[in-house]
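Asker:
Number of protein chains: 4
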Amino acid sequence: MNDFDELIRELVKFRDARNWEQFHNSRDLALAISIEAAELNELFLWKSVEESEAVDKSKIKEELADILAFSLLLAQKHDFDIKEILLEKIHKNNQKYPVEKSKGTAKKYNEL
Amino acid sequence: MNDFDELIRELVKFRDARNWEQFHNSRDLALAISIEAAELNELFLWKSVEESEAVDKSKIKEELADILAFSLLLAQKHDFDIKEILLEKIHKNNQKYPVEKSKGTAKKYNEL
Amino acid sequence: MNDFDELIRELVKFRDARNWEQFHNSRDLALAISIEAAELNELFLWKSVEESEAVDKSKIKEELADILAFSLLLAQKHDFDIKEILLEKIHKNNQKYPVEKSKGTAKKYNEL
Amino acid sequence: MNDFDELIRELVKFRDARNWEQFHNSRDLALAISIEAAELNELFLWKSVEESEAVDKSKIKEELADILAFSLLLAQKHDFDIKEILLEKIHKNNQKYPVEKSKGTAKKYNEL
Numbered sequence: 402m403n404d405f406d407e408l409i410r411e412l413v414k415f416r417d418a419r420n421w422e423q424f425h426n427s428r429d430l431a432l433a434i435s436i437e438a439a440e441l442n443e444l445f446l447w448k449s450v451e452e453s454e455a456v457d458k459s460k461i462k463e464e465l466a467d468i469l470a471f472s473l474l475l476a477q478k479h480d481f482d483i484k485e486i487l488l489e490k491i492h493k494n495n496q497k498y499p500v501e502k503s504k505g506t507a508k509k510y511n512e513l
Numbered sequence: 402m403n404d405f406d407e408l409i410r411e412l413v414k415f416r417d418a419r420n421w422e423q424f425h426n427s428r429d430l431a432l433a434i435s436i437e438a439a440e441l442n443e444l445f446l447w448k449s450v451e452e453s454e455a456v457d458k459s460k461i462k463e464e465l466a467d468i469l470a471f472s473l474l475l476a477q478k479h480d481f482d483i484k485e486i487l488l489e490k491i492h493k494n495n496q497k498y499p500v501e502k503s504k505g506t507a508k509k510y511n512e513l
Numbered sequence: 402m403n404d405f406d407e408l409i410r411e412l413v414k415f416r417d418a419r420n421w422e423q424f425h426n427s428r429d430l431a432l433a434i435s436i437e438a439a440e441l442n443e444l445f446l447w448k449s450v451e452e453s454e455a456v457d458k459s460k461i462k463e464e465l466a467d468i469l470a471f472s473l474l475l476a477q478k479h480d481f482d483i484k485e486i487l488l489e490k491i492h493k494n495n496q497k498y499p500v501e502k503s504k505g506t507a508k509k510y511n512e513l
Numbered sequence: 402m403n404d405f406d407e408l409i410r411e412l413v414k415f416r417d418a419r420n421w422e423q424f425h426n427s428r429d430l431a432l433a434i435s436i437e438a439a440e441l442n443e444l445f446l447w448k449s450v451e452e453s454e455a456v457d458k459s460k461i462k463e464e465l466a467d468i469l470a471f472s473l474l475l476a477q478k479h480d481f482d483i484k485e486i487l488l489e490k491i492h493k494n495n496q497k498y499p500v501e502k503s504k505g506t507a508k509k510y511n512e513l
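Residue numbers (the working numbering), protein chains in the order written: chain A, 402 to 513; chain B, 402 to 513; chain C, 402 to 513; chain D, 402 to 513.
(1) Are the CB atoms of isoleucine 461(C) and serine 435(D) nearer to each other than 8 Å?
(2) Can a CB atom of chain A be found closer than 8 Å to the CB of lysine 462(B)?
(3) Quick one: Cα of lysine 448(D) to Cα of proline 499(B), how far?
(4) Please confirm if alanine 507(B) has its CB atom under 8 Å from at least one CB of chain C.
(5) Determine, using beta carbons only, whether arginine 410(A) comes closer than 8 Å to chain B.
(6) Extract the residue ranges of the alpha helix (DSSP H) inside the stretch 423-461 of chain D, only unbroken runs of 4 or more that lie entirely within it.
(7) Using CA coordinates, which residue listed in Glu454(D), Lys493(D), Ala455(D) and Phe471(D) is at the minimum distance from leucine 441(C)?
(8) Can you check whether the CB of leucine 465(D) is closer than 8 Å to the CB of glutamate 411(C)?
(9) Which bits of chain C does tryptophan 421(B) rub up against, with CB to CB less than 8 Å?
(10) Under 8 Å between beta-carbons, which chain C residues line up against glutamate 451(A)? List them in chain order, please.
(11) Going by C-alpha to C-alpha distance, which of Leu444(B), Gln496(B), Leu474(B) and Glu422(B) sits closest to alanine 431(B)?
(12) Express the C-alpha separation of leucine 446(A) and histidine 479(C) in angstroms, rounding to a whole number.
(13) Starting from serine 435(A), find everything on chain C with Cβ-Cβ shorter than 8 Å and list it in chain order.
(14) To the nearest angstrom, report how far apart alanine 438(D) and alanine 438(A) are at their CA atoms.
(15) By the three-class DSSP mapping on this structure, what secondary structure does arginine 419(D) have?
(16) Please report the Cβ distance between glutamate 463(B) and lysine 509(A), rounded to the nearest whole angstrom; I am assuming they are in contact, meaning their Cβ atoms lie under 8 Å.
(17) So what's asparagine 403(D) in DSSP terms, helix, strand or just coil?
Rendered as structure tokens:
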């Protein structure tokens with residue numbers, strides 16, 4: 402069993418003990434991810450880049466864990482293999498953002 | 402090396418080949434997560450729960466991979482151990498959402 | 402003075418009494434809008450379309466007011482005329498979504 | 402007829418010509434607002450505060466118009482009076498953020 406499977410097993414155990422699978426359709430899981438992402442962003446609101454790096458790490462940890470938890474539950478729902486989808490994405494982005502064109506610039510692929 | 406470390410290593414390799422670490426401050430990584438989360442949600446916009454389950458899985462995969470990629474990069478930036486922060490979160494939520502009170506209800510902990 | 406100008410005047414009065422213009426750059430105002438939008442969405446999380454219509458209207462009002470407040474402040478910052486930008490947008494969407502093609506379908510313009 | 406009523410009338414005309422009211426439940430309108438808010442934020446991603454102020458104004462205009470359009474449609478759905486809900490909010494925030502405590506600080510009301 403790999404690390405993702407182990408975490409997903411814990412998340413599913415937590416979910417099923419509460420009979421929450423009924424609420425976890427794809428649409429609501431996606432919404433939950435974006436609400437948690439907004440809570441993460443709120444930690445940095447009205448703060449400069451420098452001030453943002455001084456934000457309490459334990460708060461960043463908590464919001465990031467929420468985002469990851471709902472993301473893993475959505476992956477589990479669709480039987481996605483986390484490692485596989487991430488490696489595929491990196492592979493695609495390698496082609497979308499060729500090193501020679503994208504080095505040192507934050508431009509989107511369609512502006513390169 | 403565990404699975405997360407392996408993925409993070411690949412993400413960092415991709416990032417560093419492009420000299421992109423300069424853009425990856427916490428504030429922008431958090432913003433990137435929430436923009437990718439919105440793209441995931443857009444797949445379900447104006448769709449019922451049932452229609453949402455029929456959305457092209459390859460699109461869900463791509464958006465979820467983007468969310469996870471930026472989440473892992475933010476974790477890497479702060480030296481968070483993914484497994485640890487998720488297990489801690491599950492532990493906290495076990496106390497915040499006791500089974501007997503939260504079973505079968507989607508209420509928030511402060512409304513239980 | 403039209404209605405938007407009047408509201409913007411009140412918002413600016415509130416802002417300036419607190420010396421908050423220094424925080425109100427475009428980037429942070431945009432982030433504030435999206436955080437308030439997430440709070441609006443949270444009212445509907447884990448709820449069906451029907452349950453969502455039963456959500457306490459006073460809460461919807463509050464979150465919507467927050468979204469509008471930051472939106473008007475961003476418009477003010479750039480000297481946008483609210484009425485003009487909205488009428489322009491409707492005009493554009495009239496061409497992007499021709500009635501005969503878009504009637505009764507929620508498809509995006511690039512899928513019509 | 403005030404300015405908001407006039408704009409809402411145009412938005413409703415556009416919507417009804419396409420028979421789109423069926424899609425415009427509160428939950429989806431709220432989601433649409435947050436997706437448009439993410440598109441606004443994407444204009445500023447990986448950019449400093451200064452670079453953000455140099456972003457093409459016509460793009461900011463378009464995204465802001467989308468946010469306002471869905472916000473006005475949600476207000477119309479619930480028969481909210483825009484002017485009233487905003488003035489009420491400013492009134493509440495006047496009490497939540499007393500000038501003497503909040504002047505020059507971006508702290509949240511619960512941290513003042």
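Each residue gets a CB set at the ideal place from its N, CA and C atoms; glycine is no exception. Here the structure is a predicted model, which is why all the values come from computation and not from measurement.
Answerer: In this structure, then:
(1) Numbered from its first residue, the third sequence carries residue 461(C) at position 60. Numbered from its first residue, the fourth sequence carries residue 435(D) at position 34. Taking 8 Å as the Cβ cut-off, isoleucine 461(C) and serine 435(D) do not qualify as a contacting pair.
(2) Here residue 462(B) is taken as the residue at index 61 of the second sequence, counted from 1. Using a CB distance cut-off of 8 Å, lysine 462(B) counts as an interface residue toward chain A.
(3) Against the fourth sequence, residue 448(D) aligns to sequence position 47. Against the second sequence, residue 499(B) aligns to sequence position 98. Using only the alpha carbons, I get a separation of about 43 Å.
(4) Here residue 507(B) refers to the residue found at position 106 when the second sequence is read from its first residue. The beta-carbon of alanine 507(B) is placed less than 8 Å from the nearest beta-carbon of chain C.
(5) Counting from 1 along the first sequence, the entry for residue 410(A) is found at position 9. For arginine 410(A), the answer is no, since every Cβ of chain B falls outside 8 Å of its Cβ.
(6) 427-443 and 450-454
(7) The residue given as residue 441(C) occupies position 40 in the third sequence. When each option's Cα is compared against that of leucine 441(C), the closest is Phe471(D).
(8) Looking up residue 411(C) in the third sequence gives position 10. Looking up residue 465(D) in the fourth sequence gives position 64. The answer is no: Cβ separation not under 8 Å.
(9) The residue labelled residue 421(B) in the question sits at position 20 within the second sequence. Correct list: empty, because the minimum Cβ distance to chain C is about 19 Å.
(10) As a working mapping, residue 451(A) is identified with position 50 in the first sequence. None at all; the shortest Cβ gap to chain C is about 14 Å.
(11) On the second sequence, position 30 is the one that residue 431(B) refers to. Selected option, being the one with the closest Cα: Leu474(B).
(12) Translated into the one-based positions of the third sequence, residue 479(C) becomes position 78. Translated into the one-based positions of the first sequence, residue 446(A) becomes position 45. The straight-line gap from Cα to Cα measures roughly 20 Å.
(13) The sequence position of residue 435(A) within the first sequence is 34, counting from 1. Within chain C, the C-beta atoms nearer than 8 Å to that of serine 435(A) come from Ala439 and Asn442, in chain order.
(14) The sequence position of residue 438(D) within the fourth sequence is 37, counting from 1. The sequence position of residue 438(A) within the first sequence is 37, counting from 1. Going by the C-alpha atoms only, they are around 13 Å apart.
(15) As a first step, residue 419(D) is located in the fourth sequence; it is residue number 18 there, counting from the start. Residue state for arginine 419(D) is assigned as coil, using DSSP reduced to three classes.
(16) Looking up residue 463(B) in the second sequence gives position 62. Looking up residue 509(A) in the first sequence gives position 108. Contact doesn't hold; Cβ gap of about 15 Å is too wide.
(17) As a first step, residue 403(D) is located in the fourth sequence; it is residue number 2 there, counting from the start. In this structure, asparagine 403(D) counts as coil in the three-state DSSP scheme.
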